[in-house]
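Peer 1:
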Amino acid sequence: MNIKEKLYERFVGYVKVDTKSDGANAANTPSSLGQTVLAKMLSAELKKLGLKNVLLTKHSYVLAELPANTAKKMPAVGFMAHMDTSPDFSGANVKPKLHKNYNGGKLVIGNGIVNDPKQDPNLKFCKGHDIVTASGDTLLGGDDKAGIAIIMTMLEYLGENPQIKHGPVKVAFTVDEEIGHGSALLPLDKFKADFAYTLDSYIVDIGRGNFNADACTITITGVNTHPGLAKGVLVSPLLIASEIITMWPKKHRAEHTDKEKGFIHFNEINGGIEKIILKAIAREHDLKKLFAMEAELKALCRKIEAGHKGAKISVQFKESYRNMKDILKKQPKAMDYLLRALKETKVSYRLEQARGGTDGARLSFRGLPTPNLFGCYSSAHGPYEWASLDRMVDTLRVCLNIIKER
Ligand SMILES: [Zn+2]
């Protein structure tokens with residue numbers, strides 16, 4: 011079997027385990043039983059491959075180590091992928107389908123589901139690749155089981171090719187990434203990597219940064235009275251909430267921004283005539299711009315408050331996560347090793363700042379610089395998802411070039 015066939019065989023085995031994370035059970039880690047099933051499978055496989063210090067934690071994280079096979083001092087490099095799949099769509103009874111030598115046109119997945127490059131431009135990049143999809147009634151789970159398959163197949167390849175000299179390799183498979191708990195309980199004192207990579211980006215994007223994120227809560231009270239006697243007295247918090255939303259400038263709204271531009275996005279409203287709680291999320295790559303935008307929202311609220319006698323508006327922001335870009339700049343090894351390996355492997359890539367958060371961002375702030383490398387999947391979290399086996403082979407080669415002796 012060649013590397014591509016081995017990747018396929020592994021990948022198909024992993025996606026058949028239903029590991030959908032469960033937001034309603036987020037107080038428990040992992041949030042679903044299937045993740046523990048896969049974690050046990052993976053730890054057994056790591057032992058079989060001869061890895062050292064294989065650890066299955068009580069929260070179903072899997073850690074392992076491939077010691078260096080050279081006396082030369084090399085950094086300990088970590089590779090990570092998450093075992094859970096998105097709670098947005100079914101991951102039960104996934105029936106994987108192989109589309110050999112994809113022709114660059116319509117990708118007929120089944121059950122009436124058809125993807126194409128107009129819908130997902132990443133497909134354009136993968137013309138001629140061997141593509142895997144599900145069958146139209148589930149997601150595929152390439153996010154992030156493609157990452158797991160790449161890491162495992164690389165470990166097997168290194169075992170079969172002892173002439174490849176390399177530094178220490180650390181491996182971690184994490185849980186509940188899709189519900190934002192992916193890295194919280196990863197024991198870094200046992201992982202002991204100098205820097206790491208999540209294999210969880212799409213096809214060509216390398217995540218060298220991510221959003222700064224805050225949660226915003228706006229509490230609005232007015233003056234309530236019997237509507238029959240309301241003339242000149244009633245101040246409605248509902249009206250005030252609608253003013254805040256409609257007066258918030260277009261240029262700072264999610265539906266009008268892309269690339270490196272941030273936004274404040276109102277996403278929840280609760281309450282009644284006594285009190286309204288309006289919630290929003292604030293996202294921006296540049297922390298100064300994030301704070302400026304938040305100040306702008308506060309100023310707008312003060313202005314609206316002044317226009318309604320008796321109204322009170324309080325605006326509160328709470329930090330969710332921060333951009334890892336500055337950490338990756340201050341501790342540049344992770345990006346340096348990655349960029350050199352990408353050039354050596356001659357694979358194309360695009361450096362980008364993710365318009366979201368990653369496990370790597372949280373880990374970077376816990377002291378482990380962790381950029382995001384290709385997960386080799388696209389159109390994730392639903393039935394349109396697909397993964398490229400050719401891109402998985404490329405990514406495996408990039409990983410080998412990161413760890414090889416120099
Ligand atoms: Zn993912």
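So for the sequence shown, my numbering puts the first residue at 11; every next one is plus one.
Glycine residues also receive a C-beta, built at the ideal position from the N, C-alpha and C atoms.
Please read these numbers as outputs of a predicted model, since none were measured by experiment.
May I ask you to verify whether the stretch 339–356 touches the stretch 165–184, counting CB pairs closer than 8 angstroms and requiring at least 3?
Peer 2: Touching, no, given that fewer than three Cβ pairs across the two stretches are closer than 8 angstroms.
Peer 1: Quick check: what's the CA-CA separation for Ala309 versus Ser324?
Peer 2: As a position in the sequence shown, residue 309 is number 299, starting the count at 1. As a position in the sequence shown, residue 324 is number 314, starting the count at 1. Near 11 angstroms, if we compare the C-alpha coordinates of Ser324 and Ala309.
Peer 1: Taking C-alpha atoms, which residue in Lys50, Gly138, Gly115 and Ile161 lies nearest to Arg407?
Peer 2: The residue you call residue 407 lines up with position 397 of the sequence shown. Comparing Cα positions, the closest option is Ile161.
Peer 1: Report, in whole angstroms, the separation of the C-beta atoms of Arg332 and Phe276, which I expect to be a contact under 8 angstroms.
Peer 2: Counting from one through the sequence shown, the residue named residue 332 turns up at place 322. Counting from one through the sequence shown, the residue named residue 276 turns up at place 266. Not quite, the Cβ-Cβ distance comes to about 22 angstroms (not below 8 angstroms), so this is no contact.
Peer 1: For Glu253, is the beta carbon positioned less than 7 angstroms from some heavy atom of ligand 1?
Peer 2: Here residue 253 corresponds to residue number 243 of the sequence shown, with the count starting at 1. The answer is no for Glu253.
Peer 1: Taking Lys340 as the reference, give the member of Arg218, Gly317 and Leu352 with the closest Cα.
Peer 2: The residue you call residue 340 lines up with position 330 of the sequence shown. The shortest C-alpha separation from Lys340 is found at Arg218.
Peer 1: Report the option in His69, Lys82, Leu59 and Ala81 whose CA atom is closest to the CA atom of Glu75.
Peer 2: Taking the first residue of the sequence shown as position 1, residue 75 is located at position 65. Of the candidates His69, Lys82, Leu59 and Ala81, the one whose C-alpha sits nearest the C-alpha of Glu75 is Leu59.
Peer 1: Using 8 angstroms as the threshold, is the C-beta distance between Gly101 and Leu48 below it?
Peer 2: For the purposes of this step, residue 101 is taken as the residue at position 91 of the sequence shown. For the purposes of this step, residue 48 is taken as the residue at position 38 of the sequence shown. Result no, Cβ atoms of Gly101 and Leu48 do not sit closer than 8 angstroms.
Peer 1: Using C-beta distances below 6 angstroms, list every residue in its chain close to Arg360, excluding the 5 sequence neighbours before and after it, in chain order.
Peer 2: In the sequence shown, the residue the question calls residue 360 occupies position 350. Excluding residues within five positions, the ones whose Cβ falls inside 6 angstroms are Val214 and Asp215.
Peer 1: Can you check DSSP and say which residues form a bridge with Cys226?
Peer 2: The count along the sequence shown starts at 1 and reaches residue 226 at position 216. Ala290 and Phe327.
Peer 1: Quick one: residues in its chain with C-beta nearer than 6 angstroms to the C-beta of Leu288, no 5 flanking neighbours on either side, listed in chain order?
Peer 2: Here residue 288 refers to the residue found at position 278 of the sequence shown. Contacts found: Ile228, Ala251 and Ile279.
Peer 1: What is the rounded straight-line gap between the Cα of Pro342 and the Cα of Gly23?
Peer 2: As a position in the sequence shown, residue 342 is number 332, starting the count at 1. As a position in the sequence shown, residue 23 is number 13, starting the count at 1. Between Pro342 and Gly23, the C-alpha separation is close to 36 angstroms.
Peer 1: Pick from Asp147, Leu52 and Pro172: whose alpha carbon is nearest that of Lys414?
Peer 2: Within the sequence shown, the letter at position 404 stands for residue 414. For the residues Asp147, Leu52 and Pro172, the minimum Cα distance to Lys414 belongs to Pro172.
Peer 1: Runs of 4 residues minimum, wholly inside the stretch 113–144: which ones carry the alpha helix (DSSP H) assignment?
Peer 2: Those alpha helix (DSSP H) runs which fall completely within the stretch 113–144 and span 4+ residues are 132–135.
Peer 1: Please list the segments of the alpha helix (DSSP H) lying wholly inside the stretch 32–116, counting only runs of 4 or more residues, in order along the chain.
Peer 2: Complete alpha helix (DSSP H) runs here, min 4: 43–58.
Peer 1: Starting from Arg218, trace the alpha helix (DSSP H) both ways and give me its first and last residue.
Peer 2: One-based indexing of the sequence shown puts residue 218 at position 208. Premise fails: Arg218 lies in the beta strand (DSSP E), Asp215 to Gly219, not in any alpha helix (DSSP H).
Peer 1: Please report the straight-line C-alpha distance between Leu168 and Lys68, rounded to a whole angstrom.
Peer 2: One-based indexing of the sequence shown puts residue 168 at position 158. One-based indexing of the sequence shown puts residue 68 at position 58. For Leu168 and Lys68, the distance between alpha carbons rounds to 29 angstroms.
Peer 1: With distances taken from CA atoms, which of Thr80, Val104, Asn103 and Tyr212 is nearest His176?
Peer 2: Numbered from 1 along the sequence shown, position 166 holds the residue referred to as residue 176. Looking at the Cα atoms, Thr80 is the closest of the given residues.
Peer 1: Given that a residue counts as buried once 16 or more other Cβ atoms are within 10 Å of its Cβ, and exposed if not, what is Val243?
Peer 2: Position 233 of the sequence shown, counted from the start, is the residue given in the question as residue 243. Result: exposed.
Peer 1: Restricting to runs no shorter than 4 residues, where is the alpha helix (DSSP H) found entirely within the stretch 318–398?
Peer 2: Correct list: 335–340, 343–355 and 369–375.
Peer 1: Checking the sheet assignment: what are the DSSP bridge partners for Lys271?
Peer 2: Stepping through the sequence shown from its first residue, residue 271 is reached at position 261. In the DSSP output, where bridge partners are listed per residue, Lys271 has none listed.
Peer 1: Which same chain residues end up closer than 8 angstroms to Leu17 when comparing Cβ atoms and leaving out the 5 residues on each side of it in sequence?
Peer 2: Looking up residue 17 in the sequence shown gives position 7. Hits under 8 angstroms: Ala159, Ile160, Thr163, Leu399, Met402, Val403 and Leu406.
Peer 1: Given a threshold of 16 other Cβ atoms within 10 Å of its Cβ, counted over all protein chains shown, does Glu265 qualify as buried or as exposed?
Peer 2: Within the sequence shown, the letter at position 255 stands for residue 265. Answer is exposed; the Cβ neighbour count stays below 16.
Peer 1: Report all residues from its chain with a CB closer than 8 angstroms to the CB of Lys285; omit the five preceding and five following residues, and keep chain order.
Peer 2: Numbered from 1 along the sequence shown, position 275 holds the residue referred to as residue 285. Correct list, in chain order: Thr229, Ile230, Thr231 and Pro247.
Peer 1: DSSP three-state call for Asp4: helix, strand or coil?
Peer 2: It is not possible to answer for residue 4, since the shown part of the chain is limited to 11 through 416.
Peer 1: For a test of your reading of the model: does the CB of Gly33 fall under 7 angstroms from any non-hydrogen atom of ligand 1? Yes or no.
Peer 2: Numbered from 1 along the sequence shown, position 23 holds the residue referred to as residue 33. Checking the Cβ of Gly33 against ligand 1 gives no.
Peer 1: Can you list the residues near ligand 1, meaning Cβ strictly closer than 5 angstroms to any non-hydrogen atom, in the order they appear in the chain?
Peer 2: Spelled out in chain order, the answer is Asp153, Asp154 and Asp210.
Peer 1: Among Pro131, Leu165 and Pro197, which has the Cα closest to the Cα of Leu373?
Peer 2: On the sequence shown, position 363 is the one that residue 373 refers to. It is Pro197.
Peer 1: Measure the Cβ-Cβ separation of Ala351 and Thr208 and say whether it is below 8 angstroms.
Peer 2: Numbered from its first residue, the sequence shown carries residue 351 at position 341. Numbered from its first residue, the sequence shown carries residue 208 at position 198. Going by C-beta atoms, Ala351 is not nearer than 8 angstroms to Thr208.
Peer 1: For Ala182, does the three-state DSSP call read helix, strand or coil?
Peer 2: Locating residue 182 in the sequence shown gives position 172, where the first residue counts as 1. Looking at Ala182 - three-state DSSP - the assignment turns out to be strand.
Peer 1: Using the C-alpha atoms, what's the distance from Lys299 back to Gly282?
Peer 2: As a position in the sequence shown, residue 282 is number 272, starting the count at 1. As a position in the sequence shown, residue 299 is number 289, starting the count at 1. Looking at the two C-alpha atoms, the distance is approximately 33 angstroms.
Peer 1: Measuring alpha carbon to alpha carbon, tell me which of Val118, Lys202 and Leu43 ends up nearest Leu378.
Peer 2: Your numbering for residue 378 matches position 368 in the sequence shown. Measuring from the Cα of Leu378, the nearest candidate turns out to be Lys202.
Peer 1: Here's a check: name, in chain order, each residue in its chain whose Cβ is nearer than 6 angstroms to the Cβ of Asp154, leaving out the five neighbours to either side.
Peer 2: In the sequence shown, the residue the question calls residue 154 occupies position 144. For Asp154, where only same-chain residues beyond five positions count, the Cβ hits under 6 angstroms are Ala91, His92, Asp210 and Gly385.
Peer 1: Would you mind sorting Val142 into buried or exposed? The rule is 16 or more other CB atoms within 10 Å of its CB.
Peer 2: Locating residue 142 in the sequence shown gives position 132, counting from the first residue. When all chains shown are included, Val142 counts as buried.
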